[in-house]
Each structure stands twice: as C-alpha cells, then as structure tokens.
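For reference, the structure is listed below as structure tokens.
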Amino acid sequence: MLNRSKLSPPMYLQIADKYAKDIEKKVYVCGDIIPSENQISKEYEVSRTTARLALIELENMGYVDRKRGKGTQVIKGKLDEQLKEITSFTDEMKQNGVEMITSFCDIKMILPTQSIGGLLGSDSDGNIFKMERIRMAQNKPVVYSITYLNIEGLSMDIKDYEDSLYRYLKTEMNIIITKAEDQLEAVLADQILAKYLAVKTGSPIFMRKRKGYSQYNMLVEYSVSYYPGERYQYSVVL
3 MLNRSKLSPP MYLQIADKYA KDIEKKVYVC GDIIPSENQI SKEYEVSRTT ARLALIELEN
63 MGYVDRKRGK GTQVIKGKLD EQLKEITSFT DEMKQNGVEM ITSFCDIKMI LPTQSIGGLL
123 GSDSDGNIFK MERIRMAQNK PVVYSITYLN IEGLSMDIKD YEDSLYRYLK TEMNIIITKA
183 EDQLEAVLAD QILAKYLAVK TGSPIFMRKR KGYSQYNMLV EYSVSYYPGE RYQYSVVL
C-alpha cells in the first residue's frame with residue numbers, strides 16, 4: 003500500500019521502491035517484463051506521468067531497461083553496488099577494532115542558508131536539523147563534523163547521537179542511507195579546527211563533503227567532516 007500523506011515521499015518514488023524490493027526478492031528476475039505505465043497507473047490509481055516517473059527512477063537505479071515497443075525489462079547491472087548500505091564512520095572504525103566516543107555534540111534546529119536549504123529541499127521558512135560532533139579514538143580527536151538533516155521528528159536528545167548517526171536513522175526513523183556522494187579536499191586548519199582536532203594551526207586537514215540519499219533516493223543529509231591528516235588515512239579500492 004502506498005502512503006498518500008503529505009509528509010510521505012512522492013508517489014513515483016514509493017512505486018519505484020516497491021518494484022525495486024520485488025526485484026530484490028526475485029518476484030521479478032532478469033529478463034522479466036514488469037507492468038507497463040498504463041497497468042501501474044490503474045493498479046495504484048496514479049497518473050500516467052507518475053507511473054512513467056517511477057519506471058524512469060527504476061531505470062536510473064539500474065534495475066530495468068526501458069525500450070520502446072518492448073516494455074520495461076529487468077536487467078542485471080549495478081544492483082549489488084547501488085543497494086549496498088553505506089557504512090558509517092563509527093562502524094568502519096569498529097570493523098578495524100577501534101572504539102569511537104563522542105566528546106562533544108551540539109544539536110539545534112536552524113533556518114538554513116539559501117545554499118543548504120536549496121540543497122536539502124527546505125523552503126525559506128522551513129527549519130532543518132543541524133548537528134556538530136567531535137568523535138575521538140584512543141583519546142584523540144579523529145573527526146569534527148557538521149551535519150544538516152532535512153528529516154522531521156528527529157530527537158533533540160544528544161544521547162541519541164553518541165553512537166552511529168546512520169544506525170539511529172535506520173533503527174529509529176526507518177531511514178537508510180543507501181547512496182552517498184563524497185567530495186574530498188585537502189585544507190589547512192584554522193584556529194577553530196586546530197582547537198577541535200587538537201592540532202596546530204596550519205596543519206593539513208582532510209575535508210569530506212557528503213550528500214546522503216535515503217532508500218527512496220531522496221537527499222536527506224549534507225555533512226562536512228574534518229579529519230586531522232596526521233591521524234587519518236582514506237583508502238579507495240578500485
């Protein structure tokens with residue numbers, strides 16, 4: 003059943019998510035033809051345009067191939083890569099035997115700047131959630147992060163964010179960050195970063211900007227994280 007409340011994701015995303023789950027569960031397998039725009043429109047009582055957007059979304063996610071005259075066919079492709087849940091920094095460290103603690107956490111609702119509000123889809127009168135944290139390992143700061151979330155109903159209790167943010171979003175809000183876009187840059191520590199990360203002013207800092215997308219392919223997170231270059235290494239396996 004689709005959720006038609008004003009706070010729910012757009013109908014086309016819900017329909018796309020429904021068929022994506024059906025493909026994962028092997029209700030439809032590689033080579034199968036899934037329902038047409040007209041069939042989806044009738045089954046879910048939505049417009050043909052909404053049905054078409056749902057199929058386009060499925061194609062963009064790598065589940066199907068749409069060809070005129072042949073219908074929408076389930077394909078193999080990037081499923082494993084795109085559906086793999088993004089691992090939080092906390093869980094990454096735990097996998098390497100390093101326990102993280104939160105030494106500082108500040109949360110508030112703010113009126114976002116035009117750039118951040120536009121990025122997260124918040125209108126000029128809408129507040130968004132802002133969280134600043136310093137995470138430590140082996141008694142030394144390893145990351146200072148500023149996170150913006152456009153999600154209603156988030157807890158304002160800092161205790162809920164002492165561990166993994168992504169785990170909290172999944173277990174308490176039923177929001178899973180399934181895709182992320184990271185922008186990496188080397189910067190120098192100013193006085194504030196030097197203080198938060200316990201390094202000297204001018205020290206090399208690794209900055210990561212992240213856009214996090216939910217299972218509905220909606221951008222819900224924008225974060226900027228700073229890591230001391232002397233204590234942090236980022237590896238990519240290609």
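In this note's numbering, the protein residues as written are 3 to 240. For each residue, glycine too, the CB sits at the ideal point set by N, CA and C.
- In the three-state scheme derived from DSSP, where H, G and I count as helix and E and B as strand, residue 200 is classed as coil.
- Taking each of 65, 160, 230 in turn and checking the Cα distance to residue 146, the smallest one comes out for 230.
- Annotation for residue 158: no alpha helix (DSSP H) segment contains it, and DSSP assigns it neither H nor E.
- For residue 46, the enclosing alpha helix (DSSP H) has its first and last residue at 39 to 46.
- Listed as beta-bridge partners of residue 130 by DSSP are 112.
- Distances from the CA of residue 35 to each of 74, 12, 19 were compared; the closest alpha carbon is that of 74.
- Rounded to the nearest whole angstrom, the CA to CA distance from residue 184 to residue 118 is 16 Å.
- C-alpha of residue 67 to C-alpha of residue 176: approximately 29 Å in a straight line.
- The beta carbon of residue 15 is closer than 8 Å to those of 56, 59, 218, 219, 220 in its chain, skipping five residues each way along the sequence.
- Rounded to the nearest whole angstrom, the CA to CA distance from residue 187 to residue 208 is 6 Å.
- Your pair residue 17 and residue 42 checks out as a contact, with CB atoms roughly 6 Å apart and the cut at 8 Å.
- Relative to residue 168, the option among 151, 158, 159 whose CA is nearest is 151.
- Within the same chain, Cβ atoms closer than 8 Å to the Cβ of residue 138 are found at 102, 103, 104, 105, 144, the five residues on either side in sequence being excluded.
- The residue among 159, 192, 116 with its C-alpha nearest the C-alpha of residue 110 is 159.
- Of the residues 171, 164, 211, the one whose Cα lies closest to the Cα of residue 155 is 171.
- Comparing alpha carbon positions, the residue from 47, 65, 198, 163 closest to residue 23 is 65.
- The beta carbon of residue 204 sits closer than 7 Å to the beta carbons of 190, 191 from its chain, once the five residues preceding and following it are set aside; these are given in chain order.
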